[in-house]
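Peer 1: Residue numbers (our numbering): 3 to 189.
Ideal Cβ positions, reconstructed from N, Cα and C, are used throughout, including at glycine.
Being a predicted model, the structure only gives us computed values, none of them experimental.
1) Unbroken beta strand (DSSP E) runs of length 3 or more, entirely within the stretch 142-189: which are they?
2) Using CA coordinates, which residue listed in 162, 182, 47 and 48 is at the minimum distance from residue 136?
3) For residue 25, does the three-state DSSP call read helix, strand or coil?
4) What residues match up with residue 98 in a beta bridge as DSSP calls it?
5) Kindly indicate which residue of 76, 84 and 168 has the alpha-carbon position closest to the one of residue 147.
6) Does residue 212 come out as helix, strand or coil in the three-state DSSP assignment?
7) Buried or exposed: residue 163, going by 16 or more other Cβ atoms within 10 Å of its Cβ?
8) What's the C-alpha gap between residue 27 and residue 84?
9) So the alpha helix (DSSP H) residue 64 belongs to, where does it begin and stop?
10) Taking 8 angstroms as the limit between beta carbons, can you name the residues of its chain near residue 107, skipping five residues before and five after?
11) Among 78, 72, 100 and 65, which one has its Cα closest to the Cα of residue 116?
12) In terms of residues, what are the limits of the beta strand (DSSP E) holding residue 74?
13) Could you compute how far the alpha carbon of residue 111 sits from the alpha carbon of residue 44?
14) Tell me the residue span of the beta strand (DSSP E) that contains residue 133.
15) Using a Cβ-Cβ cut-off of 8 angstroms (strictly less than) and excluding sequence neighbours within five positions of residue 156, which residues of its own chain qualify?
16) In this structure, does DSSP put residue 10 in helix, strand or coil?
Listed below in structure tokens is the structure:
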């Protein structure tokens with residue numbers, strides 16, 4: 003028994019010493035505290051009414067179902083957004099004037115839109131997106147078609163180019179950043 007005790011202590015010492023030399027995780031990956039938990043991200047749906055020439059975005063499934071019934075069929079999922087605030091994400095405000103919807107992360111832009119007649123839409127929960135490209139996020143492009151006063155948002159570069167080249171939309175800006183549908187790089 004006396005020969006076993008030193009072996010147990012030696013084994014414990016080696017285990018503890020090895021644990022001290024485990025390399026730290028690569029710091030390029032953001033932590034969930036910094037990024038928001040990707041498991042809490044929800045689909046951000048885009049709908050379109052051809053009769054009103056109007057696109058809409060929602061993360062609210064009951065609102066999506068109502069919109070489909072009211073003539074806004076689903077076009078697809080733009081990406082993944084958050085419905086609760088986290089440290090590195092900001093509100094993506096939805097404003098509305100008639101059938102025109104406008105979304106922004108800028109409080110100045112929001113306030114200017116309200117001053118020019120837009121109403122802050124509060125019937126659905128606010129969604130949150132990244133203001134900068136971190137945590138595996140991708141750009142959310144804002145495009146505008148002056149002929150029908152429609153704003154469309156897409157995270158697809160090829161779709162963005164299609165809207166510009168063949169549908170008469172103008173590239174406005176990157177509205178913010180959201181998680182791609184394939185968010186495996188975020189976990």
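Peer 2: On the basis of the supplied data:
1) Fully enclosed beta strand (DSSP E) runs of 3 or longer: 152-156 and 172-180.
2) Out of 162, 182, 47 and 48, 182 has the C-alpha closest to the C-alpha of residue 136.
3) In this predicted model, residue 25 has a pLDDT of only 33, less than 50, meaning its place in the structure is not dependable enough to derive any value.
4) Beta-bridge pairing by DSSP links residue 98 to 103 and 121.
5) Comparing Cα-Cα distances from residue 147 to each of 76, 84 and 168, the minimum goes to 168.
6) Outside the modelled stretch of the chain, which goes from 3 to 189, sits residue 212, for which no answer is possible.
7) Burial call: exposed.
8) Since pLDDT at residue 27 reaches only 35, below the 50 mark, its modelled position is unreliable, and the value read off the structure follows with that caveat. Roughly 26 angstroms between the two C-alpha positions.
9) Unbroken alpha helix (DSSP H) run through residue 64: 63-71.
10) So the list reads 92, 93, 94, 95, 131, 133, 177 and 178, once near-sequence residues are dropped.
11) For the options 78, 72, 100 and 65, the alpha carbon positioned closest to that of residue 116 is the one of 100.
12) In this chain, residue 74 is not harboured by any beta strand (DSSP E), its DSSP state being neither H nor E.
13) In this structure, the straight-line span from the alpha carbon of residue 111 to that of residue 44 is close to 25 angstroms.
14) Note, residue 133: premise wrong, no beta strand (DSSP E); not H, not E.
15) So the qualifying residues of the chain are 48, 80, 142, 143, 145, 162 and 165.
16) With a pLDDT of 34 at residue 10, under the threshold of 50, the modelled position of this residue cannot be trusted, and the question is left open.
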